[in-house]
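Have a look at the structure below, then the notes.
Protein chains in written order, with my numbering: chain P, 1 to 292; chain H, 293 to 708; chain A, 709 to 1065.
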């Protein structure tokens, strides 16, 4: 039983950390309708930036704040220089553009800062948190809490005046224009916030696995989370993250010994397939109504 | 006329350059070309930078000291991004430029090109990557692992446990990345377990290994006495962190060769004290060759990269691979004379006897049948600031390793 | 050269429906075909084996995918897995003694069956969700290949292609391998050019543009989508088999990994959706530009044009490559084929300015 609870708890915490990587993806999709395949690269870039600022001698929390400011600016810049010029083009071409950006950042960031792995020390420590015979991973515990905090903050944000505008824009671009909302500014803002979310994911994952280009591969678990939860729902990110994390931890925990290999990716793939077959728009996603 | 002039100028310039190059070559002896066509941008980035820097710096040292019998060594360095099609292109191009030795430092590229290399009769070195069974020289005449294969590494790690605490009755967990590389040590370890009477169990984690918590919950419940970690890159430091968080003493961890200073920094240099790894070369600059590199290459500013990497684990591995290659070239030139070709260089490799690169690595002897060079290595321990050897250069369970090499090579010879 | 549309008058429907109604285009195709046939005599082994050969095979693969993505509008992010199924099953068939010609067909059929099974998900979802379903296929196939040693070829996970002959000609020399690849790519090209003119091709286009609307006018979306998945998977499977036999010679799971799927999608998109010229240009761009850039930058570095670290030199091609993709899309979002088309149209009526076709 303790084994089950341990798998459950650690899986949930890891899932929250995946959700953090997925948050930026959802924010951009929600406002602009663009699946941002460069979100993983943004996570990597954020981690490298924070590492670099830290290596200049800044205390880690200042480095994180400065990194967040820089990434916010970078998000705005990307929207202004690239995405805005693609408005009205087929979505698949915009996807390709984000893929091009992913390749560019994958070259630029390790090229400039060095490809060998760097480390970010958050001072979390390695001792486990033990509650009633259940070992919890301290880094994941803190990561999960930060993720909860950031996801909660985004949910609250969508209830503010600015957030309401963003929701309106995500509902209907043309109608928003008609009532005088600046769609461009709203989309730009969501890219900026996605940049900040990338800092959270980059720093937490970077402190666990080291900072190098492989951080950009977080995109895939993030996408699984998004598909499961619903691509345009922040609540969905939370639930989807928990589900992917828990199922990807508990099932392999019992199955691996018999399968003779790690079954985590298989479990995740099957979850995605089943979700798509049963609820194509995810748990909390909005069902599209199509016009002929 | 203006158009002609415009075309004419670069052409003349190119001719002039070619003439100058030709003139220079006529004065010196013909250069020896090595193709270091590696993965600088994808899966192997954790090692390639330092490894390749070590290789280039050593070759610069050789050239600064007058080359091999007057022949300069020219390194053709290209990125392949771990993609077979780019590896094939880079290989064919470098071969056209006259390279006779190749190092891809990428298992998929090396495995994909093994047949081609043997057909073209040029030397492929596969230190610490590629096919383990390439140690069988008759089956793979042009492929030289030159360093301990993963099978030998597993055997040496097991042997060190045997000589320190004994193996009998122990429970050993092998936590590995779920890929052919991660599964590679298992057959050898299982056979050793039979001989020595200990229990062994494999715990695979999903690639790329940035998240392993479920696997380690299981490992803890197994209550192992010793844990082998078999991965590479970021997954290794995640493994160590997870082990410590699950109450496993770092001193009980044994790692494959891919464990370096950067991983220690990731885990926390003090937290990892006691962890033991396999090593194929000595670490640090406390060695005649490294001292000469510092003096003649790094200090004059001829180094190929960040000088703080000099002496790191992967840097020294890179240096060691090139010392073997240069020694082989020297022997080949001595016995067979210039110009050097693939078959001559191969013969040179097989003449290497008791070569230890002035103490940088174990003395290796490569023969026509054994391209691994004996499979020597040692175990070293992380002290918090450096790697301290805890065993001598040694080789272990040679019969079991040899059997594994033979069976695998036989399958290759049989068509696969 | 001069106003190439002059003298082109269609007096019958078949004449207007020709693949290349304009004489200048026919000449161009003829010259290119001749060059492709004579390539082994014209270019060195380096360029034949490392550039022309992979370019042809990847073009065939990109065309297979373009059939699904460009004509049918069904996104597929697991196409490398389809190719892997084709490659692995054809090698196992050939090793089992099946003649190469049938092994190729067998590889294609296996890929078609498994590919269609996964494509069944396409009947429920579209767009991004289809991307995810096919991505899941990629991971499942990868897992099976690398976790079943009987498929991947034992502990070393390398499966070598046996020696085979195609129509009694042994496929051992580079020239022979080149011609087999050329034959398959030409077949794929002709198929692709013609499929657009069949009722199946038109049904696909109707589905792509709006599947509900297509259903209303009597096109069965279920059957059409399934057939599209089957055809594309078959072609992808054969392309994978050709890739294994004619180019790699030994297959490892990494050769058909997730990043290869992304590269294939990039080939189709950068080239231009549903275009034959786009298939060729896109495959060439994605496959060869990183290689050319790597050599160019290394060459410039060696000639002393700039002095930067080894690390940055290695990453520069990625930077330029990514930058080029972004640049092309900003410049012409419809891909290289559209750029080619613009140039072609300009010259069709040169020295005049506008053309109707």
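Just so you know, even glycine gets a beta-carbon here, dropped at the ideal spot from N, CA and C.
For residue j and residue i, the rounded distance between their alpha carbons
i: residue 351 (chain H); j: residue 370 (chain H); result: 16 Å
i: residue 524 (chain H); j: residue 571 (chain H); result: 14 Å
i: residue 493 (chain H); j: residue 139 (chain P); result: 27 Å
i: residue 120 (chain P); j: residue 417 (chain H); result: 35 Å
i: residue 217 (chain P); j: residue 40 (chain P); result: 6 Å
i: residue 975 (chain A); j: residue 793 (chain A); result: 20 Å
i: residue 592 (chain H); j: residue 624 (chain H); result: 31 Å
i: residue 57 (chain P); j: residue 51 (chain P); result: 10 Å
i: residue 1061 (chain A); j: residue 917 (chain A); result: 32 Å
i: residue 314 (chain H); j: residue 1000 (chain A); result: Its pLDDT being 39, under 50, residue 314 (chain H) is placed unreliably in this model, and the value from its coordinates should be taken loosely. If you take the alpha carbons of residue 314 (chain H) and residue 1000 (chain A), they lie about 26 Å apart.
i: residue 545 (chain H); j: residue 455 (chain H); result: 16 Å
i: residue 938 (chain A); j: residue 972 (chain A); result: 18 Å
i: residue 608 (chain H); j: residue 364 (chain H); result: 22 Å
i: residue 763 (chain A); j: residue 159 (chain P); result: 53 Å
i: residue 385 (chain H); j: residue 998 (chain A); result: 15 Å
i: residue 671 (chain H); j: residue 487 (chain H); result: 21 Å
i: residue 1041 (chain A); j: residue 97 (chain P); result: 9 Å
Neighbour-count burial assignment, residue i, 16 or more Cβ in a 10 Å radius
i: residue 1014 (chain A); result: exposed
i: residue 172 (chain P); result: exposed
i: residue 62 (chain P); result: exposed
i: residue 627 (chain H); result: exposed
i: residue 680 (chain H); result: exposed
i: residue 317 (chain H); result: In this prediction, residue 317 (chain H) has a pLDDT of 42, which is less than 50 and means its spatial position is unreliable; nothing more can be read from the coordinates.
i: residue 600 (chain H); result: exposed
i: residue 568 (chain H); result: buried
i: residue 280 (chain P); result: buried
i: residue 727 (chain A); result: exposed
i: residue 868 (chain A); result: buried
i: residue 278 (chain P); result: exposed
i: residue 878 (chain A); result: exposed
i: residue 499 (chain H); result: buried
Below-8 Å beta-carbon distance, residue i vs any chain D residue
i: residue 563 (chain H); result: Absent from the structure: chain D. Protein chains present are P, H and A.
Under 8 Å between C-beta atoms of residue i and residue j
i: residue 1066 (chain A); j: residue 783 (chain A); result: Since the first residue shown for chain A is 709 and the last is 1065, residue 1066 (chain A) is missing from the structure and cannot be characterised.
i: residue 549 (chain H); j: residue 696 (chain H); result: no
i: residue 682 (chain H); j: residue 443 (chain H); result: no
i: residue 332 (chain H); j: residue 1019 (chain A); result: yes
i: residue 528 (chain H); j: residue 555 (chain H); result: yes
i: residue 267 (chain P); j: residue 248 (chain P); result: yes
i: residue 1031 (chain A); j: residue 979 (chain A); result: no
i: residue 965 (chain A); j: residue 788 (chain A); result: yes
i: residue 819 (chain A); j: residue 990 (chain A); result: no
i: residue 226 (chain P); j: residue 245 (chain P); result: no
i: residue 383 (chain H); j: residue 329 (chain H); result: yes
i: residue 448 (chain H); j: residue 613 (chain H); result: no
i: residue 196 (chain P); j: residue 68 (chain P); result: yes
i: residue 676 (chain H); j: residue 574 (chain H); result: no
i: residue 634 (chain H); j: residue 354 (chain H); result: no
Anticipated Cβ contact below 8 Å, residue i with residue j, distance rounded
i: residue 993 (chain A); j: residue 816 (chain A); result: Contact flag wrong, Cβ pair sits at about 26 Å.
i: residue 617 (chain H); j: residue 393 (chain H); result: 6 Å
i: residue 55 (chain P); j: residue 844 (chain A); result: At roughly 39 Å, the Cβ-Cβ gap does not stay under 8 Å, so residue 55 (chain P) and residue 844 (chain A) are not in contact.
i: residue 128 (chain P); j: residue 538 (chain H); result: 7 Å
Chain P contacts from the stretch 512 to 535 of chain H (Cβ-Cβ distance under 8 Å): Within the stretch 512 to 535 of chain H, the qualifying residues are 512, 513, 525, 526, 527, 529, 530, 533, 534.
Check each residue of the stretch 830 to 844 of chain A: if its Cβ is closer than 7 Å to any Cβ of chain P, include it; give the result in chain order. Answer in chain order: 832, 833, 836, 837, 840, 841, 844.
Short of 8 Å Cβ to Cβ, which residues in the stretch 471 to 487 of chain H face chain A? Per Cβ criterion, the list reads 471, 472, 475, 476, 479.
Just by C-beta distance, which residues in the stretch 1037 to 1051 of chain A are closer than 8 Å to chain H? Listed by position, the residues of the stretch 1037 to 1051 of chain A near chain H (Cβ gap below 8 Å) amount to none.
Could you name the residues of the stretch 251 to 271 of chain P whose beta carbon sits closer than 7 Å to any beta carbon of chain H, in the order they occur along the chain? Close to chain H, meaning a Cβ-Cβ distance shorter than 7 Å, are the following residues of the stretch 251 to 271 of chain P: 252, 253, 256, 261, 262, 264, 265.
Contact list for the stretch 3 to 23 of chain P against chain H, Cβ threshold 9 Å: For the stretch 3 to 23 of chain P, residues whose beta-carbon sits nearer than 9 Å to a beta-carbon of chain H comprise 3, 6, 7, 10, 11, 13, 14, 17, 18.
Selection of the stretch 135 to 153 of chain P by Cβ proximity to chain H, strictly under 8 Å: Residues passing the 8 Å Cβ filter: 135, 137, 138, 139, 140.
For the stretch 364 to 385 of chain H, enumerate the residues whose C-beta is nearer than 9 Å to any C-beta of chain A, in chain order. So the close ones are 368, 369, 370, 371, 372, 373, 374, 375, 376, 377, 378, 380, 381, 382, 383, 384, 385.
Of all the residues that make up the stretch 1023 to 1035 of chain A, which are near chain P by a beta-carbon distance shorter than 9 Å? For the stretch 1023 to 1035 of chain A, the set of positions with a beta-carbon nearer than 9 Å to some beta-carbon of chain P reads 1023, 1024, 1025, 1026, 1027, 1028, 1029, 1030, 1031, 1032, 1033, 1034, 1035 in chain order.
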